[in-house]
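Just below is one structure, and these are the notes that go with it.
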Amino acid sequence: MIDTKIYNKDNIFAKILRGEIPCSKIYEDEFVLAFKDINPAKKIHVLVIPKGEYISFVDFVESDQEFIKNFFLSVKKVAATLGLEEKGYRLLTNYGVDGGQTVPHFHVHILGGEKISGF
Ligand code: AMP
Numbered sequence: 006m007i008d009t010k011i012y013n014k015d016n017i018f019a020k021i022l023r024g025e026i027p028c029s030k031i032y033e034d035e036f037v038l039a040f041k042d043i044n045p046a047k048k049i050h051v052l053v054i055p056k057g058e059y060i061s062f063v064d065f066v067e068s069d070q071e072f073i074k075n076f077f078l079s080v081k082k083v084a085a086t087l088g089l090e091e092k093g094y095r096l097l098t099n100y101g102v103d104g105g106q107t108v109p110h111f112h113v114h115i116l117g118g119e120k121i122s123g124f
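For the sequence shown, the positions run 6 to 124 when the working numbering is used.
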């Protein structure tokens, strides 16, 4: 079970952000890093992570409003970079035990490249 209160600086996405572990990078700017999910659930499955110590949606959403806005504008840019704007895509973030979050650094999944039906 992940700690939802104290940021773990040794989580795998923190290591990717520090360049200690490689990733398949799609996009990067001052706010985010986006890379391919190692275990894709759809034809296109990319993770977008903020450059900052955020554990999950719950603490991220309480952070600086300008940063939140820039984060999501960058998510939109990543989707455009992936060529998903016309056909669409799904954004997803997991939280907590029931939500199934496994990596304790806030991230948004971008899923697309195929028709996604149901949940
Ligand atoms: P979540 O279950 O929402 O926390 O999502 C974590 C995601 O990170 C999963 O879809 C994993 O496949 C993915 N993942 C874990 N380790 C890596 C890694 N080293 N590089 C890319 N994706 C990863």
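Note that the Cβ used here is the ideal one computed from N, Cα and C, for glycine as well.
Query, Result
"Less than 8 Å between C-beta atoms, sequence neighbours within five positions excluded: which residues of the same chain meet that for F111?", "I54, P55, Y59, I60, S61, F62, D64, F65, T98"
"With burial defined as no fewer than 16 other Cβ atoms inside 10 Å of the residue's Cβ, what is the status of A70: buried or exposed?", "First, the residue type needs correcting, since residue 70 is Gln and not Ala in the sequence shown. So Q70 ends up on the exposed side."
"Report the CB separation of H114 from L52 in whole angstroms; it is logged as a contact under 8 Å.", "6 Å"
"With hydrogens ignored, establish whether the beta-carbon of Q70 is closer than 8 Å to any heavy atom of the ligand AMP.", "no"
"Name, in chain order, the residues that DSSP records as bridge partners for A39.", "Y32, V53"
"Regarding F40 and the ligand SAM, is the C-beta to nearest heavy atom distance less than 8 Å?", "This structure simply doesn't include the ligand SAM; it includes the ligand AMP instead."
"So does V108 have its beta carbon nearer than 8 Å to some heavy atom of the ligand AMP?", "yes"
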